[in-house]
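See below for the structure under consideration.
Protein chains: 2
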Amino acid sequence: MRTHYCTEVTEKNIDEIVTVAGWVNSRRDHGGIIFIDLRDRGGLVQLVCDPADNKDAWEVADSVRDEFVLIATGKVRARGEGLENPNLITGKIEIVVEKLVIENKSKPMPFELGDEKVNEEIRLRNRFLELRTKRSLDIFKLRSTANIAVRNCLNDLGFLDVETPILTKSTPEGARDYLVPSRVHPGEFYALPQSPQLFKQLLMVSGFDKYFQIAKCFRDEDLRADRQPEFTQIDVEMSFCNQEDVIKVAEKLIHDTFTACGKNVPTTFPRITYKDAMEKYGSDKPDMRFDMAMVDVIDIFANSTNEIFASIAQDKKNNRIKALRCPNGDNLFSKRQMKGFEDYVRKFGAKGLGYFQMKEDGLKGPLTKFFSEEDLEAIVKTTELEVGDVVFFGAGDKKTVCDYMGRFRLYLAEQMDIIPADTYEFIWVVDFPMFETEDGKTKALHHPFTMPNLEKCDLNNVEDLEDIESIAYDIVLNGTELGGGSIRIHKEEIQEKVFELMGISQEEANEKFGFLLEALRYGAPSHGGFALGFDRMIMLLAGTDSIRDVIAFPKTQRAQCLLTQAPSEVDNDQLKELALRVRKTEI
Amino acid sequence: MRTHYCTEVTEKNIDEIVTVAGWVNSRRDHGGIIFIDLRDRGGLVQLVCDPADNKDAWEVADSVRDEFVLIATGKVRARGEGLENPNLITGKIEIVVEKLVIENKSKPMPFELGDEKVNEEIRLRNRFLELRTKRSLDIFKLRSTANIAVRNCLNDLGFLDVETPILTKSTPEGARDYLVPSRVHPGEFYALPQSPQLFKQLLMVSGFDKYFQIAKCFRDEDLRADRQPEFTQIDVEMSFCNQEDVIKVAEKLIHDTFTACGKNVPTTFPRITYKDAMEKYGSDKPDMRFDMAMVDVIDIFANSTNEIFASIAQDKKNNRIKALRCPNGDNLFSKRQMKGFEDYVRKFGAKGLGYFQMKEDGLKGPLTKFFSEEDLEAIVKTTELEVGDVVFFGAGDKKTVCDYMGRFRLYLAEQMDIIPADTYEFIWVVDFPMFETEDGKTKALHHPFTMPNLEKCDLNNVEDLEDIESIAYDIVLNGTELGGGSIRIHKEEIQEKVFELMGISQEEANEKFGFLLEALRYGAPSHGGFALGFDRMIMLLAGTDSIRDVIAFPKTQRAQCLLTQAPSEVDNDQLKELALRVRKTEI
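Protein chains in written order, with full-length UniProt numbering: chain L, 1 to 587; chain X, 1 to 587.
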């Protein structure tokens, strides 16, 4: 039908007859001559319909409106002098139309394409129109490019693409499952997978050796801005490997994929232990696009005559006094803003936010009176202060202080506007603790199949569960957790011990993942892997902050598809076939 | 951990120290020396543990059993003369073990790996063990190879890989949907997609131009041997195209994929119209690995003195008398077998099965008496009989005769053992009718978005709905429908007309696919595409006849996963959250 995509028509085609097809992006009438910017997937080309050249084509052109679909045949010519458009690939030429066919008409657009201020509901209800914008098209081209790059990288490394079931049994990811009633087995349900975790481990027991999948996963969670009921993850598992082997694969994968998407990233990424990340950045996903690490000054504050500081400094195991240097802060921020910073950290449990200003003649500020000259000097030295800087302090229990000072670090960097755009700073966070205790209940920080670091602890002789390190690692990009993984437990006796430590009974374990435990009894190799959030990766590559932008047909935060009106009610007959009844009282 | 995969160790490594890892495939003790065949994904390598060489390694070797996981380090040496094994890639060498570590133990296998006579239930319950067999591993390597080949082919052709939703609304494929209750919207349900049909058409309206996806699809059907509740299809759609464009893409895709899997197939495939396929092969998926086309002899039989034949021959529009030549049949089959053939066709509605034998002196058989010499000669000529052949006849109404004679053709070919193995014969079936009438109800043969062939008919002036041809095409491989597609309706007025002809009200149409109809109003380009059954393609490539062989974790014909025990009962709390109650009476 067409001979060229719009943007394939260039100066090389001058004097050729070409046929292009696409949408009317805009139409202008200049002194009786009609100019149409025709748009296809690649971009725009200008059509010219001059009644003096071709009356028929001009008459068709006169009747078209925005977003009509046209097929145009004509001769390519150079644009007149001064009429070139350097912003267009095709800006040096135009097509003098000899034949113009309206392939289809269009109603007027319900909103202006590309106007992001339009209510999101309207855009989602007409998602097929929003997808016409260059911004959307570019995102889905990027997503497709990343997808094939991931696959070719892993395929070249010998990984087998294996599909695991969507209709399956609950996986132990901890979130709520989506259920699917069975018609053949009334009263029974499948669950949609939260990840292929158990299946990929089974494939290792099967000797597949290297597995990958770009897998759909499902979580029926209360939705936050960056969550969707269904999402996509790059899922990888390999056998006879250690953490180093897995990290090497992940780094190559990320490097190759980002490179394919035109981004420059290194071939290996720095690492930080979980402990260091929490102490220095107050987060297990530190944003490394800027430095501003926190420094511990509890030893100096121990000498303070301020009773609160002194008392906090007495318990160095459980408390922290963190200093955060803000370069040039004394010049950047007003007193009012400083007060605002205190309000900010209070939201996250801070009792206050102390600070010193670094003046020409040393540290100033209300707190200086509690410190000796030597200690003030020690603070300057430890936090590497320069004239004009401000240094902030958070003091209190370790968890709270690290958390709010970590958040404050990010907040401050935003206020200072020092976070570089279009930069990709990766960091591995390693040596995660095996367990975390929340509301008195011990649970696995990753999942219960994560291998504890047996070189550093004896599972039969554990003092504090939280001291057990696991062989687990997260990859963090620009302060966002892109993914992570672990070496898994491949021996039944270790797995049983871990369940025991978590207070999971043999019975509960068998019921939840009996088939994995059974598989471990039949010659499981050592194995490990990782998963990367594909949607999130595309978000970061595309520089957008909404996951809905990178999903072709996304759901709202109320888990609805406004375009198709899913979910919706179904016939009673359908429910009857499934042996189900809706509890009306609860609707 | 390892330096080589088992099968990477060859004569080139003689005298090198290597480390391999894998499973004990077998273990033999020859005069105190232990030989272990170690297996990994690639295959086997022989380990030798001689107590005279290394007592420690020998002692470990002495304790291992089948399917234990080992890591072995040792020096490669040539096998002794006469001890080479030409069946193994590594058959010329062995590894003299210096260090042997048991990575994991194994219980005895619950069944002999690779024994296909073992009850399928036991194999499926232990699917992770069955997947260890060479046969399974080879299938999943093939599947992974085909998968990446498909993607690279389509990516190179400019198709964008776009993921469409799994949690969506009913699609109009006609089978039963799997439903997913919504927790956020009690009493409402998502449906799992039977195909991405509507979404891929929407993407064309969005101007994506070329889309593909290897998509999971779901149908809650009563399961036949070759069906699964979830299956995978290669899904393709393109804009501004005609049937020729689409067929070209499909042919290149199939050619590239089969080539990547080591199969020789042509770059274009022959075509047959639906009408011809039905008349000649009695099927819209003719097996072209052998010829044996049916020939119509109704004109000759019209002269017969047999009343039944003569009366059937009076209605040439609705009746058929089909001749099927069986080369050398007179020598191949006994009278008893011929009787068996009649019993076979009777199962499919035949009243009988006439035949002639071609002897040296002309046609013989009980029916000859009803025909003149000239007519007998005409039969010989029309059906191209040679001495020793048998020719069978089916007579009656068109649909019944074509159906049972088509089945008989396949049955006969199997009895004659003339279907060549490892041959791939493709054929396009084109010019499908738009509608079919079943039980008095008109329905779309493909789906209601298929474009009627407007060059051949006027929708406003239709005499017989079944005469309307659609621009739809199926690709058939070895008598199996591999997939198909169509050019879609892109204009609202045609779509409305088609619904009208099908007796679908505006209201019903709007409720079912209102969003697609709405999209057609906003500048839809002409478009079309196809879908190929990926599981089925792998079945044919792997030469297996069970779809369960090519799915890593398949379900039974009762839609159960015997490994994970899905589906299963769920907590009442979960149901309560979903505002559902199980109707106990119906279980």
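Where a beta carbon is used, it is the ideal one built from N, C-alpha and C, also for glycine. None of the values given here were measured: they were computed from a predicted structure.
Exposure label - residue i; buried when at least 16 CB within 10 Å
i: residue 232 (chain X); result: buried
i: residue 320 (chain L); result: buried
i: residue 28 (chain L); result: exposed
i: residue 257 (chain L); result: buried
i: residue 454 (chain L); result: exposed
i: residue 220 (chain L); result: buried
i: residue 86 (chain X); result: exposed
i: residue 394 (chain L); result: buried
i: residue 518 (chain L); result: buried
i: residue 532 (chain X); result: buried
i: residue 314 (chain L); result: exposed
i: residue 588 (chain X); result: Past the edges of chain X, shown from 1 to 587, lies residue 588 (chain X), and the structure says nothing about it.
i: residue 200 (chain L); result: buried
i: residue 191 (chain L); result: buried
i: residue 505 (chain X); result: exposed
Beta-carbon gap between residue i and residue j smaller than 7 Å
i: residue 180 (chain L); j: residue 178 (chain X); result: yes
i: residue 278 (chain X); j: residue 409 (chain X); result: no
i: residue 73 (chain L); j: residue 98 (chain L); result: yes
i: residue 140 (chain X); j: residue 162 (chain L); result: yes
i: residue 522 (chain X); j: residue 26 (chain L); result: no
i: residue 20 (chain L); j: residue 4 (chain L); result: yes
i: residue 339 (chain X); j: residue 476 (chain X); result: no
i: residue 406 (chain L); j: residue 282 (chain L); result: yes
i: residue 451 (chain L); j: residue 471 (chain L); result: yes
i: residue 158 (chain L); j: residue 210 (chain L); result: yes
i: residue 111 (chain L); j: residue 154 (chain L); result: no
i: residue 50 (chain X); j: residue 33 (chain X); result: yes
Neighbourhood of residue i by C-beta distance below 8 Å, restricted to the same chain and skipping five residues each side
i: residue 251 (chain L); result: 267, 268, 269
i: residue 186 (chain L); result: 578, 579
i: residue 261 (chain L); result: 142, 145, 146, 149, 541
i: residue 137 (chain L); result: 41, 131
i: residue 411 (chain X); result: 341, 344
i: residue 380 (chain L); result: 358, 362, 363
Other residues of its chain near residue i: CB distance less than 7 Å, five sequence neighbours each side excluded
i: residue 478 (chain L); result: 287, 289, 424, 425, 540
i: residue 332 (chain L); result: 416
i: residue 53 (chain L); result: 96
i: residue 76 (chain L); result: 9, 13, 14, 15, 16, 18, 93, 95
i: residue 316 (chain L); result: 298
i: residue 348 (chain L); result: 403, 404, 407
i: residue 510 (chain X); result: 517
CB-CB length for residue i against residue j, believed under 8 Å
i: residue 325 (chain L); j: residue 391 (chain L); result: 5 Å
i: residue 195 (chain X); j: residue 527 (chain X); result: Going by Cβ atoms, the distance from residue 195 (chain X) to residue 527 (chain X) rounds to 15 Å, so no, they are not a contact pair.
i: residue 486 (chain X); j: residue 169 (chain L); result: About 38 Å; that fails the 8 Å criterion.
i: residue 427 (chain X); j: residue 272 (chain X); result: 6 Å
i: residue 489 (chain L); j: residue 449 (chain L); result: 5 Å
Residues near residue i by beta carbon distance below 6 Å, same chain, minus five either side
i: residue 383 (chain X); result: 295, 323, 325, 391
i: residue 330 (chain X); result: 357, 388, 390
i: residue 303 (chain L); result: 375
Partners in chain B for residue i, counting only beta-carbon separations shorter than 9 Å
i: residue 574 (chain X); result: Checking the listed chains, one finds no chain B in this structure; the protein chains it contains are L and X.
Stretch-stretch touch, CB-based, cutoff 8 Å, three pairs: the segment 479 to 499 of chain L with the segment 518 to 536 of chain L
yes
With three or more C-beta pairs closer than 8 Å as the rule, is the segment 1 to 19 of chain X touching the segment 89 to 97 of chain X?
yes
Does the structure place the segment 61 to 73 of chain L close enough to the segment 559 to 577 of chain X that three or more beta carbon pairs sit under 8 Å?
no
Is it a yes or a no for the segment 457 to 473 of chain X touching the segment 431 to 447 of chain X, going by three-plus beta-carbon pairs under 8 Å?
yes
Any 3 or more C-beta pairs closer than 8 Å across the segment 243 to 261 of chain X and the segment 370 to 377 of chain X:
no
Taking three-plus beta-carbon pairs below 8 Å as touching, is the segment 215 to 229 of chain X in contact with the segment 120 to 137 of chain X?
no
Three Cβ pairs or more, each shorter than 8 Å: is that satisfied between the segment 100 to 117 of chain X and the segment 64 to 74 of chain X?
yes
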